[in-house]
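Chemist:
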Amino acid sequence: MTEYKHSLGMLALLVSSPPDKRTVFGRALDQLVQDVEGRGVSVLASESLTDAASILRSDPAIQCVLIRWEMDTSEGHADCTKLLVKLRERNTRVPVFLISDRTTASSIPLLVMQHADDFIWLPEDTSRFLSGRILAAIERYRQAALPPMFGALVKFARSYEYSWHTPGHAGGTAFLKSTAGRAFYEFFGENLLRSDLSISVGELGSLLDHSGPIGQGERYAAKVFGAHRTYYVTNGSSMSNRVILMASVTRNQIALCDRNCHKSAEHAMTLSGAIPTYLVPTRNRYGIIGPILPQTLSAEGVKAAIADNPLVKQGIDPTPVHAIVTNSTYDGLTYNVTRVEELLGESVDRLHFDEAWYGYARFNPLYSGRHAMHGDPADHDKSGPTVFATQSTHKLLAALSQASMIHVRDGRNPIEHARFNESYMMHASTSPNYAIMASCDVSSAMMEAPSGQILTNESIEEAISFRQVLSRMHNEMLSKDDWFFTCWQPPTVQVGAATVPFHEVDPATLKTDPNCWVLHPNAVWHGFGDIEDGYCMLDPIKVSVLSPGMGDDGNLLASGIPACVVTAYLGRQGIVVEKTTDFTILFLFSIGITKGKWGTLLNALLDFKRDYDDNAELELCLPDLYNANQHRYAGMGLKDLANEIFAAMKKHKTTANMSQAFGTLPKAEFSPVEAYEKLVRNDIELVTLNEAAGRLAATGIVPYPPGIPLLMPGENAGPADGPLLAYLKALEAFDKSFPGFTHDTHGIEVEDGVYRMLVLK
Numbered sequence: 001m002t003e004y005k006h007s008l009g010m011l012a013l014l015v016s017s018p019p020d021k022r023t024v025f026g027r028a029l030d031q032l033v034q035d036v037e038g039r040g041v042s043v044l045a046s047e048s049l050t051d052a053a054s055i056l057r058s059d060p061a062i063q064c065v066l067i068r069w070e071m072d073t074s075e076g077h078a079d080c081t082k083l084l085v086k087l088r089e090r091n092t093r094v095p096v097f098l099i100s101d102r103t104t105a106s107s108i109p110l111l112v113m114q115h116a117d118d119f120i121w122l123p124e125d126t127s128r129f130l131s132g133r134i135l136a137a138i139e140r141y142r143q144a145a146l147p148p149m150f151g152a153l154v155k156f157a158r159s160y161e162y163s164w165h166t167p168g169h170a171g172g173t174a175f176l177k178s179t180a181g182r183a184f185y186e187f188f189g190e191n192l193l194r195s196d197l198s199i200s201v202g203e204l205g206s207l208l209d210h211s212g213p214i215g216q217g218e219r220y221a222a223k224v225f226g227a228h229r230t231y232y233v234t235n236g237s238s239m240s241n242r243v244i245l246m247a248s249v250t251r252n253q254i255a256l257c258d259r260n261c262h263k264s265a266e267h268a269m270t271l272s273g274a275i276p277t278y279l280v281p282t283r284n285r286y287g288i289i290g291p292i293l294p295q296t297l298s299a300e301g302v303k304a305a306i307a308d309n310p311l312v313k314q315g316i317d318p319t320p321v322h323a324i325v326t327n328s329t330y331d332g333l334t335y336n337v338t339r340v341e342e343l344l345g346e347s348v349d350r351l352h353f354d355e356a357w358y359g360y361a362r363f364n365p366l367y368s369g370r371h372a373m374h375g376d377p378a379d380h381d382k383s384g385p386t387v388f389a390t391q392s393t394h395k396l397l398a399a400l401s402q403a404s405m406i407h408v409r410d411g412r413n414p415i416e417h418a419r420f421n422e423s424y425m426m427h428a429s430t431s432p433n434y435a436i437m438a439s440c441d442v443s444s445a446m447m448e449a450p451s452g453q454i455l456t457n458e459s460i461e462e463a464i465s466f467r468q469v470l471s472r473m474h475n476e477m478l479s480k481d482d483w484f485f486t487c488w489q490p491p492t493v494q495v496g497a498a499t500v501p502f503h504e505v506d507p508a509t510l511k512t513d514p515n516c517w518v519l520h521p522n523a524v525w526h527g528f529g530d531i532e533d534g535y536c537m538l539d540p541i542k543v544s545v546l547s548p549g550m551g552d553d554g555n556l557l558a559s560g561i562p563a564c565v566v567t568a569y570l571g572r573q574g575i576v577v578e579k580t581t582d583f584t585i586l587f588l589f590s591i592g593i594t595k596g597k598w599g600t601l602l603n604a605l606l607d608f609k610r611d612y613d614d615n616a617e618l619e620l621c622l623p624d625l626y627n628a629n630q631h632r633y634a635g636m637g638l639k640d641l642a643n644e645i646f647a648a649m650k651k652h653k654t655t656a657n658m659s660q661a662f663g664t665l666p667k668a669e670f671s672p673v674e675a676y677e678k679l680v681r682n683d684i685e686l687v688t689l690n691e692a693a694g695r696l697a698a699t700g701i702v703p704y705p706p707g708i709p710l711l712m713p714g715e716n717a718g719p720a721d722g723p724l725l726a727y728l729k730a731l732e733a734f735d736k737s738f739p740g741f742t743h744d745t746h747g748i749e750v751e752d753g754v755y756r757m758l759v760l761k
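Under full-length UniProt numbering, the first residue of the sequence shown carries the number 1, and numbering increases by one thereafter.
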């Protein structure tokens with residue numbers, strides 16, 4: 001590892017009762033602490049093993065642990081042994097010194113000696129010598145803690161070389177030449193700007209060549225994430241998806257595409273000239289997107305989909321060459337990937353899992369077999385499909401925005417690195433952001449065993465705690481003929497022979513038993529019917545909170561609370577949600593979640609209930625909405641608003657229309673690339689929804705949420721009263737009635753409340 005110094009202060013934890021300076025041992029310990037601090041190491045003192053355990057759980061800045069052996073008076077030093085075992089479960093590298101005298105050496109158990117790195121015999125050695133050993137151990141730990149690329153970047157940034165290459169700000173000095181620039185410099189700091197480098201810095205290697213420390217970082221990430229090869233990507237998983245598809249598919253070849261795909265998959269189809277054959281997922285009464293069913297992925301199902309695709313014309317090879325599946329879905333539904341590989345492996349050589357929201361799955365056994373890089377990469381079946389995974393490292397791991405990774409496991413018909421890299425270089429910049437690359441590197445280091453499981457365990461535990469508290473509150477309110485929010489999850493869990501209410505299940509069971517989260521056939525709560533048992537599982541960290549209004553039969557109840565009203569209320573409280581549909585609000589329990597964070601959310605939901613029940617004035621509880629639209633919402637309370645919006649949902653049948661629209665696969669008359677070529681030639685026009693009847697979409701029409709293409713370029717919008725245009729008209733009518741609650745639909749231009757879309761001439 002490289003040697004350097006960085007700004008993270010050196011911190012040691014001393015676990016000891018206060019030294020008794022009346023004794024030789026006490027004076028020696030006090031002098032040792034002074035000498036350690038004299039070497040620039042801060043010493044944090046803890047006077048009990050219990051307190052020390054709390055510090056070690058909460059403070060990752062501890063870089064050395066000093067434990068006085070004699071302070072543990074428990075039988076067989078059980079408490080000290082437990083502390084060391086727990087520490088090593090979290091951190092296998094931090095140096096641990098046991099402080100004692102030689103008379104007790106023979107009594108130290110083997111297990112303790114295995115978990116400790118060194119021993120300090122007071123007062124036999126000089127404190128100056130011992131403090132030097134402690135400092136050396138800390139420096140070794142600091143050097144080993146940083147992954148390859150980030151370590152090299154820090155070393156270079158600390159070398160203070162004059163820059164005669166790009167970028168032109170030269171380590172930030174150019175910003176200091178103006179007031180605005182100095183403000184920019186002070187806001188972001190010297191380290192970020194000194195580490196903003198260019199490909200001219202040979203010491204760091206090249207992202208395009210995957211050489212030097214950058215290449216070392218990618219190989220390190222491959223080991224951590226279970227891939228044969230890993231590529232760092234600095235322009236998000238949108239770029240990652242485009243790289244893979246353009247390396248795998250070309251013009252007039254068939255690609256199987258999950259209709260629940262990100263817009264980047266559409267762009268990749270356009271760029272590559274591929275012919276998409278869509279695999280349509282299921283959908284439940286809430287509009288939550290489910291999995292693509294096994295029968296659709298079977299060889300027979302794939303052949304039928306290709307046969308029904310009007311774009312597969314005579315002379316085109318009907319054999320698909322690539323398949324892309326979204327795993328997990330936005331709402332947290334994960335596939336049994338081994339089953340998907342078995343099914344699609346009969347039809348296609350290359351499987352591509354878009355795991356943008358799922359980069360943490362490998363690091364917790366709860367998700368075993370439910371992610372692309374499952375199991376040992378050495379055991380990957382070479383006769384099975386080649387598997388790709390794209391992961392947005394920045395989304396639910398710790399990395400800067402746009403940080404992404406491509407993971408590859410080679411099976412049959414692989415794309416060797418040299419060919420794959422041609423596509424990669426086509427999309428990558430020759431001036432990549434080094435901070436983004438470094439954050440990929442650090443994310444890998446954070447997830448390396450054992451810390452990856454610890455971090456994901458904490459995330460899962462917090463999500464389960466929130467789910468159980470909300471479920472308990474819902475049940476208590478229900479028992480009093482009152483209402484409250486609940487979560488989209490099984491209301492009961494089978495534990496042995498007993499059926500236990502969700503909020504009463506042992507959290508340890510929910511954390512470790514995937515069966516608690518599996519979608520079992522015909523369970524009412526999930527609404528996906530007779531799904532294959534074990535095929536799909538709900539990810540506990542993706543929490544959909546349900547607002548009242550939807551019946552189990554898919555019909556609206558007599559009254560309800562639209563989720564958009566709740567989201568607006570939460571936003572006023574400083575709580576920003578991930579996604580809102582008619583009756584669901586999605587919250588993501590990432591590794592950055594805390595009890596305080598979700599406690600605030602619970603309190604805000606209780607506040608909403610109070611203000612809703614009291615019909616609090618909008619001027620007080622939603623002042624921004626009220627002030628911007630006084631003419632519309634004057635004199636209304638929170639309950640009045642919810643009732644009006646709920647009535648409009650009933651009138652316009654927004655939920656039912658959405659299900660019908662997305663359950664209908666439009667007729668494609670042009671491929672995405674053919675439609676795009678017409679767009680470039682300006683063979684398009686902007687029309688109203690009524691005028692769009694029977695016309696072909698020039699761009700994708702993608703309502704958010706759920707973020708799935710309603711229409712792809714080149715697809716027919718259908719009749720004016722058909723499901724596709726009926727849904728868009730319902731959104732248009734709703735938006736006109738409720739300013740401040742308008743929908744975001746990519747591909748739709750709104751002028752004076754009128755929806756317009758681009759169609760081909």
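We put the beta carbon where it would ideally sit given N, CA and C, even for glycine. What you are looking at is a predicted structure, and each value in this text was computed from that prediction instead of being measured.
Quick check: what's the CA-CA separation for Ala398 versus Tyr286?
Modeler: Between the alpha carbons of Ala398 and Tyr286 lies a distance of about 31 angstroms.
Chemist: Under the three-state reduction of DSSP, which class applies to Leu538: helix, strand or coil?
Modeler: strand
Chemist: Would you be able to state if there are at least three C-beta pairs under 8 angstroms between the region 260-268 and the region 241-249?
Modeler: Yes: at least three Cβ pairs fall under 8 angstroms.
Chemist: Could you give the DSSP three-state label for His322: helix, strand or coil?
Modeler: Of the three classes helix, strand and coil, the one that applies to His322 here is strand, per DSSP.
Chemist: So, is Val524 buried or exposed, given that buried needs 16 or more other C-beta atoms within 10 angstroms?
Modeler: exposed
Chemist: From the DSSP secondary-structure annotation, give me the bridge partner or partners of Asn716.
Modeler: Partner(s): Leu696.
Chemist: What does Pro385 pair with, by DSSP beta-bridge criteria?
Modeler: Arg412
Chemist: Counting only runs that start and end within the region 584-615, where is the alpha helix (DSSP H) found for 4 or more residues in a row?
Modeler: Within the region 584-615, the complete alpha helix (DSSP H) runs of at least 4 residues are 595-613.
Chemist: Could you pull out every unbroken beta strand (DSSP E) segment of at least 3 residues lying fully inside the region 209-293, listed in chain order?
Modeler: 229-233, 254-258 and 275-279
Chemist: Indicate whether Gly332 and Asp533 have their beta-carbon atoms separated by less than 7 angstroms.
Modeler: Contact: no.
Chemist: Considering just the uninterrupted stretch of the beta strand (DSSP E) at Val85, what are its terminal residues?
Modeler: Note, Val85: premise wrong, no beta strand (DSSP E); alpha helix (DSSP H) at Ala78 to Arg90.
Chemist: Whether or not the region 384-400 and the region 348-359 are in contact is what I'm after, with contact meaning three or more pairs of Cβ atoms, one per stretch, closer than 8 angstroms; do they touch?
Modeler: yes
Chemist: Measuring straight from C-alpha to C-alpha, what distance separates Leu724 and Gly707?
Modeler: 15 angstroms
Chemist: According to DSSP, simplified to helix, strand and coil, what is Tyr367?
Modeler: helix
Chemist: Determine the DSSP secondary structure at Leu297, reduced to helix, strand or coil.
Modeler: helix
Chemist: CB-CB under 7 angstroms to Arg472, same chain, minus the five flanking residues each way: which ones, in chain order?
Modeler: His503
Chemist: Can you have a look at Asn327 and say buried or exposed, based on whether 16 or more other CB atoms are within 10 angstroms of its CB?
Modeler: Asn327 should be labelled buried.
Chemist: Would you report the Cα separation of Leu400 and Ile436, rounded to the nearest angstrom?
Modeler: 6 angstroms
Chemist: List the whole-angstrom C-beta distance separating Cys487 from Val576, where the pair is believed to meet the contact cut-off of C-beta under 8 angstroms.
Modeler: At roughly 19 angstroms, the Cβ-Cβ gap does not stay under 8 angstroms, so Cys487 and Val576 are not in contact.
Chemist: Quick one, which of Ala61, Lys736 and Ala152 has its alpha-carbon nearest residue 764's?
Modeler: Residue 764 is absent from the structure shown; the chain starts at 1 and stops at 761.
Chemist: May I ask you to report which of helix, strand or coil DSSP gives Phe741?
Modeler: coil
Chemist: Give the range of the alpha helix (DSSP H) segment to which Val469 is assigned.
Modeler: Ser451 to Ser479
Chemist: Which same chain residues, not among the five before or five after Leu197, have their C-beta less than 6 angstroms away from its C-beta?
Modeler: So the list reads Tyr434, once near-sequence residues are dropped.
Chemist: Could you tell me how far apart the beta carbons of Gly753 and Asp735 are, in whole angstroms, since I believe they sit closer than 8 angstroms?
Modeler: 7 angstroms
Chemist: With burial defined as no fewer than 16 other Cβ atoms inside 10 Å of the residue's Cβ, what is the status of Glu732: buried or exposed?
Modeler: buried
Chemist: Would Arg695 and Ala717 qualify as a contact pair, given that the criterion is a beta-carbon distance under 7 angstroms?
Modeler: Cβ distance < 7 angstroms, so Arg695 and Ala717 count as in contact.
Chemist: Counting only the same chain and skipping the five closest in sequence on each side, list residues whose C-beta sits under 8 angstroms from that of Thr430.
Modeler: Ile199 and Leu208
Chemist: Kindly indicate which three-state DSSP category Thr73 falls into: helix, strand or coil?
Modeler: coil
Chemist: The alpha helix (DSSP H) with Thr340 in it runs from where to where?
Modeler: The amino acid occupying residue 340 in the given sequence is Val; Thr does not appear at that position. First-last of the alpha helix (DSSP H) with Val340: Val337 to Leu344.
Chemist: Where does the unbroken beta strand (DSSP E) through Pro703 begin, and where does it stop?
Modeler: Val702 to Tyr704
Chemist: To the nearest angstrom, report how far apart Tyr360 and Leu366 are at their CA atoms.
Modeler: 11 angstroms
Chemist: Assess, as a yes-or-no matter, whether the region 35-47 is touched by the region 130-142 under the definition of 3 or more beta carbon pairs within less than 8 angstroms.
Modeler: yes
Chemist: State buried or exposed for Leu704, treating a residue as buried only when at least 16 other CB atoms are found within 10 Å of its CB.
Modeler: First, the amino acid is wrong: residue 704 is Tyr here, not Leu. Under this definition Tyr704 is an exposed residue.
Chemist: Quick one, are the C-beta atoms of Ala323 and Leu344 less than 7 angstroms apart?
Modeler: Going by C-beta atoms, Ala323 is nearer than 7 angstroms to Leu344.
Chemist: Return helix, strand or coil for Arg142, following the three-state DSSP convention.
Modeler: Under the three-state reduction of DSSP output, Arg142 falls in the helix class.
Chemist: With a cut-off of 8 angstroms, do at least 3 Cβ pairs link the region 586-601 to the region 461-481?
Modeler: Short answer: they touch.
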